[in-house]
Amino acid sequence: MNSDNRQFEYKTTSGVVVQPLYTSSKSDAELPGEFPFTRGPYGSMYRGRIWTMRQYAGFGTAEETNQRFRALMAAGQTGLSVAFDLPTQMGLDSDAPLARGEVGKVGVSIDSIDDMRRLFDGIPLGQISTSMTINSTAAILLLLYQLVAEERGVVGADVRGTVQNDILKEYIARGTYIYPPAPSMRIVTDLFSYCAAELPNWNTISISGYHIREAGSTAAQEIAFTIANGLAYVSAAMAAGLDVDDFAPRLSFFWNAHNNFFEEIAKYRAARRMWATLMKDRVGAKEPASWRMRFHTQTAGSSLTAQQPENNIARTTIQAMAAVLGGTQSLHTNSFDEALGLPTEHAATLALRTQQVIGYESGVTDTPDPLGGSFFVEALTDELESISQRMIDEIDQLGGAVAAIEVGYQQGEIEDAAYQAATDVDSGESVLVGVNRFVDEDHPSVPTLTVDPRHEHDQVRRLAAVRTSRDQAAVDESLDDLRSAAQGSDNLLYPMKTALAHRATLGEVSDVLRSVFGVHRQG
Numbered sequence: 037m038n039s040d041n042r043q044f045e046y047k048t049t050s051g052v053v054v055q056p057l058y059t060s061s062k063s064d065a066e067l068p069g070e071f072p073f074t075r076g077p078y079g080s081m082y083r084g085r086i087w088t089m090r091q092y093a094g095f096g097t098a099e100e101t102n103q104r105f106r107a108l109m110a111a112g113q114t115g116l117s118v119a120f121d122l123p124t125q126m127g128l129d130s131d132a133p134l135a136r137g138e139v140g141k142v143g144v145s146i147d148s149i150d151d152m153r154r155l156f157d158g159i160p161l162g163q164i165s166t167s168m169t170i171n172s173t174a175a176i177l178l179l180l181y182q183l184v185a186e187e188r189g190v191v192g193a194d195v196r197g198t199v200q201n202d203i204l205k206e207y208i209a210r211g212t213y214i215y216p217p218a219p220s221m222r223i224v225t226d227l228f229s230y231c232a233a234e235l236p237n238w239n240t241i242s243i244s245g246y247h248i249r250e251a252g253s254t255a256a257q258e259i260a261f262t263i264a265n266g267l268a269y270v271s272a273a274m275a276a277g278l279d280v281d282d283f284a285p286r287l288s289f290f291w292n293a294h295n296n297f298f299e300e301i302a303k304y305r306a307a308r309r310m311w312a313t314l315m316k317d318r319v320g321a322k323e324p325a326s327w328r329m330r331f332h333t334q335t336a337g338s339s340l341t342a343q344q345p346e347n348n349i350a351r352t353t354i355q356a357m358a359a360v361l362g363g364t365q366s367l368h369t370n371s372f373d374e375a376l377g378l379p380t381e382h383a384a385t386l387a388l389r390t391q392q393v394i395g396y397e398s399g400v401t402d403t404p405d406p407l408g409g410s411f412f413v414e415a416l417t418d419e420l421e422s423i424s425q426r427m428i429d430e431i432d433q434l435g436g437a438v439a440a441i442e443v444g445y446q447q448g449e450i451e452d453a454a455y456q457a458a459t460d461v462d463s464g465e466s467v468l469v470g471v472n473r474f475v476d477e478d479h480p481s482v483p484t485l486t487v488d489p490r491h492e493h494d495q496v497r498r499l500a501a502v503r504t505s506r507d508q509a510a511v512d513e514s515l516d517d518l519r520s521a522a523q524g525s526d527n528l529l530y531p532m533k534t535a536l537a538h539r540a541t542l543g544e545v546s547d548v549l550r551s552v553f554g555v556h557r558q559g
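So for the sequence shown, this note's numbering puts the first residue at 37; every next one is plus one.
Here you go:
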């Protein structure tokens, strides 16, 4: 969250003073900031520190994305969020045959430390929090970010942000995995251990329900499958010898904000309570910071429509309001034109303005959990917790999240839910304004952003220049050290960092790990 040090009196327009907290009974009420955190992870919530407004951005070249970052920061954005192109996500250099046609298309291209330097040129890395949506190659991108920060004199304790690093949901819902589950989990836990020692204020994972929901899950499935994945990460880290109270406080979550306003609010409240209870009673974590669920939220990309795209502004506003009323720590609001293409700067700025209007004009930030105590919201919170817990129990009976993924349990449940949702829209039982009701045959054009096709050629040329200007012997030696670590049990991030500092590329590092771990094929 971003501190804005707001100092003013909390009153309605009629002069009613808004209290710091509302409860039904001072003696037995749950309080925000206290176990089980149903009402929020922090006592004062947004009164003293509003959520981080973090718009997701990345396309084309590092320079183009840097310009978008600067524009959003000038418009009041308080944190950065990086989208990487598909080759970067899959551990492929821009000149790899499989990368052809995808370079810079759905995010920014990052092949080496040279690209990372350009991406964050002129941005104060010791003062801003950066989120990176990256999974299979999360360790590589985090280390490149750290190396650039170190070049600018930023010490490890001042490097702040989040790396998604949530590989399990890739097998369930998204598909950008490289290695089989077991070595992938090793990379995840090595990153936990590395950050505990080197980057103590970095959030080591963003356990993602977002993509599970985008694949078609229900709200209850989003809770259950995400928390089950979280428990699997905790178990793997503990099995690797880490103390839960050393790494759990840096775990974070990433939720979807969908259309059913009250269900979404209840979802966040239920998820917080479930995680706290499971971490305390099942895992045995001792520190309250290990029980506290902190999370980022993004509005639902799958809810956006190409028909009547301006309607997406209303959808996003409702979804963002649900995230805030549910107590999010950081938020991305989708741009209204994203069903048509990459967001234009105008649309991205408007999406940021949506957050700012909610945060500074609506009054919903004046007191924590303002819907707490609502008969409807409390009942929904309890029901979602009950349904989700039953699903977690089923996953436990299958041997945990990894075993359940291997037999296709989560995938099958999501497919069934997605099919039912699509059927409901087709039949008209679920109304989609502008699509199956209130349809307008007039389709006004909306400007869209396109990536210059020359980018791929330029990126490949820059990559070739890196390879010809570096110390190849040092690169080869450091990659050999990484291979030895992968074949053994040493933490992978230390030799990986050395190789990247010598300007080894993302693809070369990934290829070393492929040679040891193999690649995963969905059965």
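Glycine included, every Cβ here is placed at the ideal spot set by N, Cα and C.
Close CB contacts of Asp194 within its chain, under the 6 Å cut and outside five residues either way in sequence, are with Gly162 (chain order). In the DSSP assignment, Thr166 forms a beta bridge with Leu116, Gly197. For Asn292, the enclosing beta strand (DSSP E) begins and ends at 287 to 293. If you draw a straight line from the Cα of Cys231 to the Cα of Ser288, it comes to about 14 Å. Between Val413 and Ile263, the C-beta spacing is not below 8 Å. A direct Cα-to-Cα measurement between Ala110 and Ala415 gives close to 42 Å. Taken through DSSP and simplified to helix, strand or coil, Gly96 comes out as strand.
Here DSSP, grouped into helix, strand and coil, assigns Asn370 to coil. The residue from Leu235, Trp291, Glu100, Thr49 with its alpha-carbon nearest to that of Ala260 is Trp291. Only buried fits Ala255, as 16 or more other CB atoms lie within 10 angstroms of its CB.
The C-beta distance from Gly192 to Glu234 rounds to 5 Å, short enough to meet the 8 Å contact threshold.
Excluding five sequence positions before and after His538, the CB atoms of its chain that fall closer than 8 Å to its own CB belong to Arg506, Asp507, Ala510, Val511, Ser514, given in chain order. Taken through DSSP and simplified to helix, strand or coil, Trp87 comes out as coil. Remark: C-beta atoms of Pro72 and Thr369 do not approach each other more closely than 8 Å.
Separation of Leu407 and Gln55 (C-alpha to C-alpha, rounded to the nearest whole angstrom) is 14 Å. Comparing alpha carbon positions, the residue from Glu206, Ile159, Gln200 closest to Arg188 is Ile159. Contact between the stretch 419 to 427 and the stretch 304 to 313 is present: 3 or more CB-CB pairs across the two stretches fall below 8 Å. Here the C-alpha atom of Met221 lies approximately 8 Å from the C-alpha atom of Tyr269. The Cβ neighbour count for Leu529, taken over all protein chains shown within 10 Å, is at least 16; the residue is labelled buried. Cβ contact annotation for Gly362 (same chain, cutoff 6 Å, sequence separation greater than five): Ile301, Tyr304, in chain order. By the 16-neighbour rule on beta-carbons within 10 angstroms, Lys47 is exposed. Pairing Gln344 with Arg351, the inter-Cα distance amounts to about 12 Å.
DSSP, reduced to helix, strand and coil, places Asn527 outside both helices and strands of the structure shown, so it counts as coil. Excluding the 5 residues flanking it on each side, Asp517 has same chain C-beta neighbours closer than 6 Å at Pro531, in chain order.
For Thr49, the closest of Asp150, Gly399, Ser410 by C-alpha to C-alpha distance is Gly399. Taking a cut-off of 8 Å on C-beta distances, the stretch 479 to 487 does not touch the stretch 277 to 286, as fewer than three cross pairs fall below it.
The C-beta distance from Asp147 to Leu542 rounds to 6 Å, short enough to fall under 8 Å. If you ignore the 5 residues before and after Thr390, its C-beta comes within less than 8 Å of the C-beta of Ile349, Thr352, Thr353, Ala356, Thr369, all in its own chain and listed in chain order. Apart from the 5 residues on each side of it in sequence, Asp373 sits with its Cβ closer than 7 Å to the Cβ of Pro345, Pro379, Thr380, Ala383, Val482, Thr484 in its chain, given in chain order.
For Phe156, no alpha helix (DSSP H) segment is defined, and its DSSP state is neither H nor E. Taken atom to atom, the span from the alpha-carbon of Tyr455 to that of Val280 is near 39 Å. Secondary-structure assignment with DSSP links Asn171 through no beta bridge to anything.
Given a length threshold of 4 residues, each whole run of the alpha helix (DSSP H) inside the stretch 423 to 478 is given here in chain order: 437 to 442, 445 to 463. In its own chain, leaving out the 5 sequence neighbours on each side, no residue places its CB closer than 6 Å to the CB of Asn296. For Phe261, the enclosing alpha helix (DSSP H) begins and ends at 255 to 275.
With a minimum length of 3 residues, the unbroken runs of beta strand (DSSP E) contained wholly in the stretch 290 to 359 fall at 331 to 335.
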